[in-house]
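Novice: I have a structure here, written as structure tokens, and I will follow up with some questions on it.
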Amino acid sequence: MNSLRQQLIAGTAYSAIAKYSGMVIALIVTAILARLLPPEDFGIATVATVIISFLSMFSSFGFEPAIVQFRNLDEYDYNNIFSFTFWIGLLLSIGFYFLAKPVSLFYESQELLTILRLLCINLFFATLNVVPNALIYKDKLFRFIAIRSFSVQLIVGIASIVAALMGAGIYALIIAPVFSSVIIFILNFNRFPQKLSASLGLESVRKIFSYSFYQFLFSTFNFFSKSMDKLIIGKGLGMDMLGFYEKSYRLMMLPIQNITYVMSPVIHPVFSDLQGNLEKMATSYEKMVRVLAFIGFPLSVFLYFAAEELVIIMFGNNWLQSIPSFEILSFSVGFQIILSTSGSIFQASNSTKHLFIYGVSTSLITLLTVVLSVLIFGTIESVAWSITITSLVNFLIIYFVMYKSILKRRLSLFLKHFSSPLLLSILLSGFNLIFDYVFKTENVVLRLFLNGSLSVFLYLLFIQICGEYDIKGAIVSLIKKLKR
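Reminder that position 300 of the sequence shown reads as 300 in the UniProt record's numbering, one-by-one numbering, no gaps.
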């Protein structure tokens, strides 16, 4: 158990370094680009990246987690699977280069045509990267991943800003996805070189097909549940409205991507060692979920009350239309933070079939609610409400399935960990209501600083009083160590 804990902590630490340093870079780059480019440019780029990301996921066939999971694969198999991804990636890239024309006509955007064709480079190298990247995670080379991610994000971030300042316009937004995929492949391939053959390597593909197939189907439906809102808004409400929505959605996703997405790449390879002991897997996961609940639910409260300040500071006054949808989306943050770790448990327990069933049901629910919100209400706020409500519904569905069918464990053992975090969130909501009523100033930076500082103080006080963590003891211990 100690070895598992050490691997999880070490892996999470390196993953955190990569994610949080990347988050800082992404925040700076986004803040600058948002002040240089109009919402419509971001809307067009969003549609393009969603389509290319889907094709990239389609071409990988769920192989990456399958390679991590299966212990009976050898170098011959890796080379075969690499060859398969190469030929499939090449075929899809060439094919979509020509299909980009009808897509651009559908959205009535000539700029979208050029963007989509340039992003075919990303599609090819992202597909080619599946096997080398999976081997890096399988060997738990989290330090290498951290250094790689930080370096690449820094390089492409600077390049994007320079391009925007030189008048590249919308094309500055695709520098990161295009060049990052190329650089990451070169680094990964150098670490785990593969041999290319003329065959598709189907012999080795069959070994992992049953696992990767359901993983692939889940990823497909899960992707649509998280991305169809953008494609629908782009067509139904216009690229400028999509630009505003994309900013509110991205701001909402930042804590999710940089909290649990730090852990998710680590959870699967580490928890896969417990696939024969579901009881230990469940208890370890519940401890982690409790920590995430103490982070996610109070964070939802803070994001809601600090929405105006965050949008203005991050993107500037030209993006005020993003505030209402961001406030609505913030309600889902706590649930999504926890939910984003669930896939790793299905993978680690060899239950990708259940993962697929969950993906289908939640994707259909999300798609239906988004379409209805656009057709009936026609606002990005209505779409935000549909995403928030379906997040809660999806949360209940997946954990019911996980505990009943996979872990064979009472769901109440999972839900009991939410009582204290929810109580803390209610108390913080009351404080924020009083703060907004008493403290009124036009200085958004000062308002955010005071609100954040006082909220953190109350948060830590609650943690100490409830005995969740001995903060006082930790501080005293740290002071003693420093005095030595």
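All C-beta atoms, glycine included, are put in the ideal place defined by N, C-alpha and C.
(1) Can you tell me the Cα-Cα spacing of Ile81 and Phe142, whole angstroms?
(2) Answer yes or no: do Gln336 and Ile397 have a C-beta to C-beta separation smaller than 8 Å?
(3) Which two residues bound the contiguous alpha helix (DSSP H) that contains Leu90?
(4) Where does Leu254 sit, in a helix, a strand or coil, going by DSSP?
(5) Within the segment 145-227, note down every full alpha helix (DSSP H) run reaching 4 residues or more, in order along the chain.
(6) So Phe400 and Leu427 are supposed to be a Cβ contact under 8 Å. How far apart are they, rounded?
(7) So for Lys140, helix, strand or coil by DSSP?
(8) Which residue wins for smallest C-alpha separation from Pro298, given the options Asp273, Ser325, Phe326, Val333?
(9) Is it true that the CB of Ile338 sits closer than 8 Å to the CB of Gly296?
(10) In the DSSP assignment, the alpha helix (DSSP H) including Trp385 goes from what residue to what residue?
(11) Taking the alpha carbon of Ile67 as the reference point, which residue from Ala474, Asn350, Lys404, Ser93 has its own alpha carbon closest?
(12) Go ahead and label Gln69 buried or exposed: buried means 16 or more other beta carbons lie within 10 angstroms of its beta carbon, across all protein chains shown.
(13) Please tell me whether residue 540 and Cys466 are closer than 8 Å, where the distance is taken between their beta carbons.
(14) Answer with buried or exposed for Ser160, where buried requires no fewer than 16 other C-beta atoms within 10 angstroms of its C-beta.
(15) How close, in whole Å, do the beta carbons of Leu448 and Ile313 come, if the pair is a contact with beta carbons under 8 Å?
(16) The alpha helix (DSSP H) that contains Gly430, what's its start and end?
(17) Indicate the three-state DSSP secondary structure (helix, strand or coil) for Arg35 in the structure shown.
(18) What does a CB cutoff of less than 7 Å around Val152 pick up in its chain, not counting 5 residues either side in sequence?
(19) Return helix, strand or coil for Arg410, following the three-state DSSP convention.
(20) Report, in whole angstroms, the separation of the C-beta atoms of Glu111 and Ile44, which I expect to be a contact under 8 Å.
(21) Leu91 to Phe435, Cα distance in whole Å?
(22) Are the Cβ atoms of Glu308 and Leu413 separated by less than 8 Å?
(23) If you pair each beta-carbon of the segment 205-217 with each one of the segment 379-388, do three or more pairs fall below 8 Å?
(24) What residue from Asp273, Ser340, Val311, Asn317 has the CA that sits closest to Glu327's CA?
(25) How should Asp139 be labelled, buried or exposed, when 16 other C-beta atoms within 10 angstroms of its C-beta is the threshold for buried?
(26) Report buried or exposed for Glu246, applying the criterion of at least 16 other Cβ atoms within 10 angstroms of its Cβ.
(27) Got a sec? Which residues, its chain only, sit under 8 Å from Ser272 by beta carbon, not counting five neighbours each side?
(28) When DSSP labels each residue in this structure, what does Arg447 get in the three-state scheme?
(29) From Lys408 to Met281, what distance separates their C-alpha atoms?
(30) Taking just the CA atoms, how far does Ile136 sit from Glu279?
Specialist: Here's the rundown:
(1) CA-CA distance, Ile81 to Phe142, rounds to 23 Å.
(2) The Cβ atoms of Gln336 and Ile397 do not sit closer than 8 Å to each other.
(3) Taken as a continuous stretch (DSSP letters only), the alpha helix (DSSP H) holding Leu90 covers 75-106.
(4) In this structure, Leu254 counts as helix in the three-state DSSP scheme.
(5) Here the runs fully enclosed are 175-191.
(6) Taking a contact as a CB-CB distance under 8 Å, the pair Phe400 and Leu427 does not count as one, their CB atoms being some 29 Å apart.
(7) DSSP places Lys140 in coil when its eight states are reduced to three.
(8) Among Asp273, Ser325, Phe326, Val333, the Cα nearest to that of Pro298 belongs to Val333.
(9) Contact annotation: Gly296 and Ile338 have beta-carbon atoms nearer than 8 Å.
(10) Start and end: 380-401.
(11) Residue Asn350 is the option with its Cα nearest to Ile67.
(12) When all chains shown are included, Gln69 counts as buried.
(13) Since the first residue shown for the chain is 1 and the last is 484, residue 540 is missing from the structure and cannot be characterised.
(14) Around the C-beta of Ser160, 16 or more other C-beta atoms lie within 10 Å, and the residue is accordingly described as buried.
(15) Confirmed, Cβ separation roughly 7 Å.
(16) Where Gly430 is concerned, the enclosing alpha helix (DSSP H) stretches over 419-438.
(17) Helix at Arg35.
(18) Around Val152: Ser180, Ile183, Ile184.
(19) DSSP places Arg410 outside both helix and strand once states are collapsed to three, so it counts as coil.
(20) Right, the Cβ-Cβ distance comes to about 6 Å (below 8 Å), so this counts as a contact.
(21) The alpha-carbon atoms of Leu91 and Phe435 are separated by roughly 58 Å.
(22) Contact flag unset, no.
(23) Short answer: they don't touch.
(24) Sorting Asp273, Ser340, Val311, Asn317 by C-alpha distance to the C-alpha of Glu327 places Val311 at the top.
(25) Residue burial annotation: Asp139 is exposed, with fewer than 16 other C-beta atoms found within 10 angstroms of its C-beta.
(26) It is buried - the Cβ of Glu246 has at least 16 other Cβ atoms within 10 Å.
(27) Apart from sequence neighbours up to five positions away, the residues of its chain that approach Ser272 with a beta-carbon distance below 8 Å are Val68, Gln69, Gln347, Ala348, ordered along the chain.
(28) Helix.
(29) For Lys408 and Met281, the distance between alpha carbons rounds to 12 Å.
(30) Roughly 28 Å between the two C-alpha positions.
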